[in-house]
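Residue numbers for the first sequence follow the working numbering, so the first one is 524 and each next one is one higher. Heads up, the beta-carbon is just placed ideally off N, CA and C, and yes, glycines get one too.
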Amino acid sequence: MDVFQRFEAVVADQVAALVAEGTIPAEAAGAAIVLEPPRDASHGDLATNAALALAKPARMNPRELATLIGLKLARHPEIATAEVAGPGFINLTLEEGVWRSELARILSEGPDYGRGEAAIETLPVNVEYVSANPTGPMHMGHCRGAVVGDALASLLAFAGHQVTREYYVNDAGGQVDVLARSAHLRYREALGEAIEIPEGLYPGDYLQPVGKALAAEFGDRYAAAPESEWLVPFRARAVAAMMEMIRGDLALLGIHHDIFSSEAALLASGAPQRAEAELRARDLIYDGVLPPPKGETPDDWEPVELPLFRSTAYGDDIDRPIRKSNGQWTYFGNDMAYHAEKARRSSALVNIWGADHAGTVKRIEAAVEALTHGEKRLDVKLVQMVRLFRGGEPVKMSKRAGNFVTLADVVREVGRDVVRFMMLTKRPEAMLDFDFAHVVEQSRENPVFYVHYAHARISSVLRKASELALPVPELSRLDADELGLAKLAAQWPRLVRQAAAAREPHRIAFYLADLAGGFHSLWNRGNDDPAFRLLREDDPQLTAARLELARAVAQVIRTALSVMGVTAAEELR
RNA sequence: GGUCCCGUAGCUCAGCAGGAUAGAGCGGCGGUUUCCUAAACCGUAGGCCACAGGUUCGAAUCCUGUCGGGACCA
């Protein structure tokens, strides 16, 4: 239990005491009481709105109630002062010993400081991310979702959830047939034919090795054979090769999924039929005719009866077909069955999708809600696109011409840590600009550098200090500014809980920038006045105390970075 | 035409499940060099939180509508 949770309990106890005394009615105890660090440090260490929240149900003046609660809180041995402020806030200042022992705790718990306790949140969570079509290498379009999904999975795991990282392989649609045809062309090329890649097939030369492997395996057996003879085996081998490539690309970012679920296998298992049967039995699927699309009606549109899922019952605009007029499952039909399957395995589902799939969110959320009998287990997180720049100039990409920027290229150029960190420097729902020149710059504007720099500075000092014989640290030697940094470090467990609850891994990056800033600030104090330097040869006791603080900050930086999948730098070169 | 996302300082963005005087970086102005280095720090100026209603003791935050930018569907 961290500092914040502990004092939340203390506040709750006092509220319960007021109920027991009959000062406030029992039903008021359900009010939303929060305890948070105040924005303004002069307001103390913690602030609670308890009196404001309880005033109305208790039919009392908020400031009077605050005074009452404040008096009770002030008796707590770890609370130095409890002051009523503003409309009825209670500002708490804790005894300094609380923060000193928290500092000691950071060091004793090490990389586990802030880790969620299993008892709090053990829900199994399934995070599905990347799920790129197995038709080519990963490119930058996939990168952000991959990093956000992976960091979220780590965050949830660190917060105490059981996490499954899953990748849905779309190996059953028309795209993979196109892949098989493209591979066949490369196969003929490998056999010595001169080929020309027609419009509509994948032009990338990453299929050349696949063609060669097919030639080696089959000789010229399928060179002139009709498609029906080679499509299935070629498709299987091409998909397998693409998945191997994708796994390799993801590994460059340090991303490893636990499960790769195959759409084709799902289809073969009859899962869509089962989902359909269940929903038909509950009248959530019916045969009907959709209205023509609004706006321009395409010439080939004609009314057809299709099996439709009643997504409108869950807030969608129209009901959605689960099969096409030729009887094949729609993408949605398969996806519905897939999510039903996932929902059986996990109590919470998170999907990380590109913003281009925004239009299909409602129907799949509706389907999960229907199939799980109203439990809203699915949370679809949309990740906006990344715009690439090089020194301020946009990087041109044309997917059709095959000259897109691959993820592997980017990782090779700027490094895995930089890519991972940068992808988390904005809220996922806002567009992100990624400038190759900027992200490797060593300046204050570059948060990756800024955070690494703080850690490197601490590492350097600790290397130097290792030669000194220092006494046991006496943390009471730390001054108010130093204790302020300790308080910031002590917020890490709370940040983990909140970021995990909101499912927003980017908050870690912003917290790290704050923490690093706090450290740089203290460091520079030492440049202004040597008395503030961490290493004070004339005062080993003070040195020992300051190094404890520095160690704790470095520990939290390392832990937070590791949740983001980034390695802390010992030195900068 | 519809759905989704965004609109906070000149620029790029935070804003913690509604809380106190809305924050940070860049850029502007003025300062600070013995530890990893001025690659950093400190100070200062700069805001009708797009707009209009609503809910609330209290709204940048929640709801409705309008305007502007983007993505997608057809």
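Counting the other Cβ atoms within 10 Å of the Cβ of E550 gives fewer than 16, which makes it exposed.
Taking a contact to require three or more Cβ pairs closer than 8 Å, the segment 541–557 and the segment 581–593 qualify as touching. Note on the segment 660–729: whole beta strand (DSSP E) runs with a minimum of 3 residues are 685–692, in chain order. With respect to the 8 Å criterion, M766 and R943 are not classified as neighbours on the basis of their beta carbons.
DSSP places R1081 inside the alpha helix (DSSP H), whose first and last residues are 1063–1087. In this chain, P830 is not harboured by any alpha helix (DSSP H); it is covered by the beta strand (DSSP E) spanning 828–832. Rounded to whole angstroms, the separation of the alpha carbons of P795 and T853 is 10 Å.
Per the C-alpha coordinates, the member of K579, A597, A798, V534 positioned closest to E892 is A798. For A871, the CB contacts under 6 Å within the same chain, skipping 5 residues up- and downstream, are L646, V648, R900 in chain order. For L894, the three-state secondary structure derived from DSSP is helix. Residue nearest to Y973 within the set L615, E828, P844, L1035 is L1035 (criterion: CA-CA distance).
Taking 8 Å as the cut-off, the Cβ atoms of Y710 and G734 count as close.
Within the same chain, and ignoring the five residues on either side of L1045 in sequence, the residues whose Cβ sits closer than 8 Å to its Cβ are D1004, E1005, L1008, F1055.
Y745 carries a coil assignment under DSSP once its states are collapsed to helix, strand and coil. Assigned with DSSP and collapsed to three states, L991 falls in coil, not helix or strand. Where W876 is concerned, the enclosing beta strand (DSSP E) starts and stops at 871–877. Nearest in C-alpha terms to H566, of all of K595, L615, R598, is L615.
Taking a cut-off of 8 Å on C-beta distances, the segment 912–920 touches the segment 949–968, as three or more cross pairs fall below it.
Taking each of E1027, D1062, K1010 in turn and checking the Cα distance to V995, the smallest one comes out for D1062.
The segment 926–942 makes no contact with the segment 690–702; the number of CB pairs closer than 8 Å stays below 3.
L802 and I808 have their C-alpha atoms some 6 Å from each other. Here V933 is buried, its C-beta having at least 16 other C-beta atoms within 10 Å.
Closest in C-alpha terms to P951, from the list A992, R1026, L679, comes R1026. Around the beta carbon of A774, fewer than 16 other beta carbons sit within 10 angstroms, so the residue counts as exposed. With contacts defined as CB atoms closer than 8 Å, G856 and E828 fail to qualify as a contacting pair.
According to the DSSP assignment, D810 belongs to the beta strand (DSSP E) that extends over 808–812. Around the Cβ of K904, a 10 Å sphere holds 16 or more other Cβ atoms; the residue is buried. For the segment 582–669, the continuous alpha helix (DSSP H) assignments of 4+ residues that do not extend past its boundaries occur at 585–597, 619–632, in sequence order. Contact annotation: the segment 620–639 does not touch the segment 654–665, with fewer than three C-beta pairs closer than 8 Å.
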